[in-house]
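In the working numbering, the protein residues as written are 31 to 644.
Heads up, the beta-carbon is just placed ideally off N, CA and C, and yes, glycines get one too.
The structure presented is a predicted model; accordingly, all values stated were derived computationally and were not measured.
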Amino acid sequence: MQVRNIPLSEIVPSELNPRKTFNQEELEELAQSIKENGLIQPITLRKIGNKKDAKYEIVCGERRFRASQLIGAKDIQAVVKELNDKQAFACMIIENLQRKDIDPMEEAAALNRLYNDGSMTVAEMAKMLGKSNSFVSGRIQLHHTIEPFVQLMREGILVLTHLLDICKLPAEQQQTLFDSCFTEASRARWTYKFPNMPQLHEMIDEHVMNQLPTARFSLSDDTLAGACACEKCPLNTANNPDNARDVSTPRCMKRECFLAKARETIFREAKEAAKNGIKLIFAGEYAENEIILQAAEEYGLDVSGLGNRQYVPEPVAPDRAQYKDEETYATRKANYDKVRAVFDDNIKDGTVTPIYEICYSGHLSGETKYVYYTPDSDEEPFAGNKLADNNRRISELKVKLREANDHRQEDFVERQRAFMESCEYSTLNTDLSSVETDVFRALILKRLPVAFKESIGCDETQGGDYRSIGKALEKNFNSIVREFIRSILSEKSVNFSPELANMLSAIMEDRYAHNADEIAKQLDARYNQSKAGIQAKIDELREENEKEIQAQASITPQAPAPDEPDANAPQTDEQPDSADEGASDSTDAVGNPEAEAPATEEAPEEKEQEKSEE
Numbered sequence: 031m032q033v034r035n036i037p038l039s040e041i042v043p044s045e046l047n048p049r050k051t052f053n054q055e056e057l058e059e060l061a062q063s064i065k066e067n068g069l070i071q072p073i074t075l076r077k078i079g080n081k082k083d084a085k086y087e088i089v090c091g092e093r094r095f096r097a098s099q100l101i102g103a104k105d106i107q108a109v110v111k112e113l114n115d116k117q118a119f120a121c122m123i124i125e126n127l128q129r130k131d132i133d134p135m136e137e138a139a140a141l142n143r144l145y146n147d148g149s150m151t152v153a154e155m156a157k158m159l160g161k162s163n164s165f166v167s168g169r170i171q172l173h174h175t176i177e178p179f180v181q182l183m184r185e186g187i188l189v190l191t192h193l194l195d196i197c198k199l200p201a202e203q204q205q206t207l208f209d210s211c212f213t214e215a216s217r218a219r220w221t222y223k224f225p226n227m228p229q230l231h232e233m234i235d236e237h238v239m240n241q242l243p244t245a246r247f248s249l250s251d252d253t254l255a256g257a258c259a260c261e262k263c264p265l266n267t268a269n270n271p272d273n274a275r276d277v278s279t280p281r282c283m284k285r286e287c288f289l290a291k292a293r294e295t296i297f298r299e300a301k302e303a304a305k306n307g308i309k310l311i312f313a314g315e316y317a318e319n320e321i322i323l324q325a326a327e328e329y330g331l332d333v334s335g336l337g338n339r340q341y342v343p344e345p346v347a348p349d350r351a352q353y354k355d356e357e358t359y360a361t362r363k364a365n366y367d368k369v370r371a372v373f374d375d376n377i378k379d380g381t382v383t384p385i386y387e388i389c390y391s392g393h394l395s396g397e398t399k400y401v402y403y404t405p406d407s408d409e410e411p412f413a414g415n416k417l418a419d420n421n422r423r424i425s426e427l428k429v430k431l432r433e434a435n436d437h438r439q440e441d442f443v444e445r446q447r448a449f450m451e452s453c454e455y456s457t458l459n460t461d462l463s464s465v466e467t468d469v470f471r472a473l474i475l476k477r478l479p480v481a482f483k484e485s486i487g488c489d490e491t492q493g494g495d496y497r498s499i500g501k502a503l504e505k506n507f508n509s510i511v512r513e514f515i516r517s518i519l520s521e522k523s524v525n526f527s528p529e530l531a532n533m534l535s536a537i538m539e540d541r542y543a544h545n546a547d548e549i550a551k552q553l554d555a556r557y558n559q560s561k562a563g564i565q566a567k568i569d570e571l572r573e574e575n576e577k578e579i580q581a582q583a584s585i586t587p588q589a590p591a592p593d594e595p596d597a598n599a600p601q602t603d604e605q606p607d608s609a610d611e612g613a614s615d616s617t618d619a620v621g622n623p624e625a626e627a628p629a630t631e632e633a634p635e636e637k638e639q640e641k642s643e644e
């Protein structure tokens, strides 16, 4: 294709372009790059004839076009192609989908349009993008997410993974889910930044799918809402299943009945709470709760508004299963224990009081909540506010008081640690005390996996006192020692330590000799053939060396011995004089004059005798 310089004034963006958003800062960076380095890749255009003054429409490269406008360029390098609307749109989508920063909703809209206008099949789009068919199908379905959920993703309240599950619901059910769980009033009650996937599925099951296993009422109760028990109801999918899922996770096919039973169950719980002196509350405006409150009044319940009081969140214990790092879990658990102790103390002394919330913002609740104590009378609201503020302050001071105690304990432990670090404890030459023995066992246990500790009934988090698990330690000490050995000798570091490898072999021979033999046999079968092949190659090379040595010996002439005259040399009657003969005797074959010692030497005794005679 020929690259041409086309005046910017003759070019217009295409209304077909699926990309609708352009980051101004990124455009300015691109403009600066084009100004300094020029346009690296030309844009793609097609001819048009129905736009005033414009002759070309952008197919690919609108960002480059906009950036060129920013630097005041008069024209731009371009390739002009003959494309109809369908072909041009396919090119635009392909270019946009290959961007790394593509917005998932724009991607979904583009793929959905390509699919619906018959331009490409799912398989063709997947091949084009280098993605799976399921990825493309999921993106097409994502396009049908209702706007409120898309906006929550834009705000960072939800992420793409959430929407990929939500979009599977019909639009009506998506709206029900949003109204029940994701309005601003609902989100204000969350105890998390955003729901994880199990929490989202629970919301869908309870508020959309009418899942009976998660219903708050008994499925065998035939006194609720004037209807039969759910376990016998023909509208229970378990009783008329279309598939296995209808049996494993049965649903109620009549939402009105499902909600009526849930509401009556909440009213029954509220009546019991009121009998125990717990105040009944609704949160939000009366108008948005009116239908539920009228039904509550007919049921004989006296429900008051929450007013300007604020809920006191009940501390939630950390879930051990959610923590891979035991140290992090222990820290969170310690923080929870501290806050929980203050919370329980506040309830005990009346600083915090429980209430029962029937509904909020038009939604059924049925939850026990907590508020700072205020008088029941609404005649002096300012006095009530003052009392609530004081109780809130008391609670905060209790936390500080507990923190002071904790800091004192931390300092106490640190000073003892420093003493132990510098003392001569290890040099004590006495028998171990029972305390030392228990501590030693507990220290070994401390380094073992959580699953093992739980299997023998040891939970270090309960009280933090090694003595609380003393019986389990004593009863299971042999198992503890063996688990300690197992945990050390099953680490990868054994492969790099001959010492540990010897220990491992010793344990295997001692306790699992049969298994050790089996392992040895398996490895012999695996490696002996390879070793035999290697040895055969070594033997072959050695044999070649021997042959090579023999071959070289057969073609290399032997040099005459240095003391033997050459048999072919001419004979002479001349004898060497004494000087030459002496030189010959004192020089070796390579001319080393010190190769031989003198022929005679006086013995030490003779030397002594000569001295005495002199």
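Which parts of the region 71-114 are runs of the beta strand (DSSP E), unbroken and 3 residues or longer, counting only runs that do not cross its ends?
Complete beta strand (DSSP E) runs here, min 3: 73-77, 86-90, 105-111.
Please classify S608 as buried or exposed, where buried requires at least 16 other C-beta atoms within 10 Å of its C-beta.
Reliability fails at S608, whose pLDDT of 43 lies under 50, so the model's placement of it is uncertain and the value that follows must be treated cautiously. S608 should be labelled exposed.
Can you tell me the Cα-Cα spacing of T358 and L144, whole angstroms?
T358 and L144: Cα-Cα distance of roughly 49 Å.
Quick one: Cα of P528 to Cα of F470, how far?
Taking the straight line from one Cα to the other gives about 27 Å.
Beta strand (DSSP E) containing R471: first to last residue?
Segment 464-476 is the alpha helix (DSSP H) holding R471; no beta strand (DSSP E) there.
What did DSSP end up calling N651 once you bin it into helix, strand or coil?
No statement about residue 651 is possible, as the shown extent of the chain runs from 31 to 644 and does not include it.
Can you list, in chain order, the residues of its chain with a C-beta nearer than 6 Å to that of Q352? Leave out the 5 residues immediately preceding and following it.
Counting only Cβ-Cβ distances below 6 Å, and skipping sequence neighbours, we find nothing.
Ignoring anything shorter than 4 residues, give me the alpha helix (DSSP H) runs that lie fully in the region 162-186, in order along the chain.
Entirely contained in the region 162-186, the alpha helix (DSSP H) runs reaching 4 residues are, in chain order, 163-172, 177-184.
Give the range of the beta strand (DSSP E) segment to which N35 is assigned.
N35 -> beta strand (DSSP E) spans 33-37.
Assign Q241 to one of three DSSP states: helix, strand, or coil.
Correct three-state label for Q241: strand.
In chain order, what residues of the same chain have a beta carbon less than 6 Å from the beta carbon of S39, not counting five sequence neighbours either side?
No residues qualify anywhere along the chain.
Name the one or two DSSP bridge partners that R285 has.
Answer by DSSP bridge pairing: none, since R285 is not bridged.
Terminal residues of the continuous beta strand (DSSP E) containing P134?
No beta strand (DSSP E) holds P134; the alpha helix (DSSP H) holding it covers 134-146.
Can you tell me the Cβ-Cβ gap for L141 and V166, rounded? I've got them flagged as a contact below 8 Å.
The Cβ separation is near 6 Å, so the contact holds.
What separation, rounded to the nearest whole angstrom, lies between the Cα atoms of K567 and Y557?
So the alpha carbons of these two residues sit roughly 16 Å apart.
Does at least one heavy atom of the ligand NAP sit under 6 Å from the Cβ of N508?
This structure lacks the ligand NAP; in fact it carries no ligand of any kind.
How big is the Cα-Cα spacing for N376 and A156?
Their backbone Cα atoms lie some 60 Å apart in a straight line.
Considering only DSSP beta bridges, list what V401 is partnered with.
Answer is Y341, T383, bridged to V401.
Could you tell me if M450 is buried or exposed, where buried requires 16 or more neighbouring beta carbons within 10 angstroms of its beta carbon?
Exposed, by the Cβ-count rule.
Considering only the alpha carbon of each residue, which of T295, G186, R285, S535 lies closest to R217?
For R217, the nearest C-alpha among the options comes from G186.
Quick check: the Cα distance between L182 and C90, rounded to an integer number of angstroms?
C-alpha separation (whole angstroms): 31 Å.
Could you name the residues that DSSP lists as bridge partners for I311?
Paired residue(s): S334, E387.
Pick from S162, L199, T295, K161: whose alpha carbon is nearest that of H173?
Nearest option by C-alpha distance: L199.
Between V42 and Q107, is the Cβ-Cβ spacing less than 7 Å?
Not a contact, by the Cβ cut-off of 7 Å.
Could you tell me how far apart the beta carbons of L310 and Y316 are, in whole angstroms, since I believe they sit closer than 8 Å?
That belief does not hold up - the Cβ atoms of L310 and Y316 are roughly 14 Å apart, past 8 Å.
Can you tell me the Cβ-Cβ gap for A257 and L249, rounded? I've got them flagged as a contact below 8 Å.
Between L249 and A257 the Cβ distance is about 12 Å, and since that is not below 8 Å, they are no contact.
Go ahead and pull the three-state DSSP assignment for N266.
In the structure shown, N266 sits in a strand (DSSP, three-state: E or B).
Would you say P280 and T267 are within 7 Å of each other, going by their C-beta atoms?
Yes.
Can you look up G68 in the DSSP assignment and give me helix, strand or coil?
G68: coil per DSSP, three-state reduction.
Where does L57 sit, in a helix, a strand or coil, going by DSSP?
Note: L57 maps to helix in three-state DSSP.
Taking C-beta to C-beta, are A292 and Y390 nearer than 7 Å?
It is not a contact, given that the beta carbons lie outside the stated cut-off.
In whole angstroms, what is the alpha-carbon distance linking T253 and S334?
When rounded, the distance between both Cα atoms is 27 Å.
Would you mind sorting I385 into buried or exposed? The rule is 16 or more other CB atoms within 10 Å of its CB.
With 16 or more other Cβ atoms within 10 Å, it is buried.
Compute the Euclidean distance between the alpha carbons of R438 and G168, then round it to the nearest angstrom.
Between R438 and G168, the C-alpha separation is close to 57 Å.
Can you give, in chain order, each stretch of the alpha helix (DSSP H) that sits fully within the region 484-567 and has at least 4 residues?
Complete alpha helix (DSSP H) runs here, min 4: 500-505, 507-519, 528-541.
Per DSSP, which one or two residues make a beta bridge with L394?
L394 pairs with C389.
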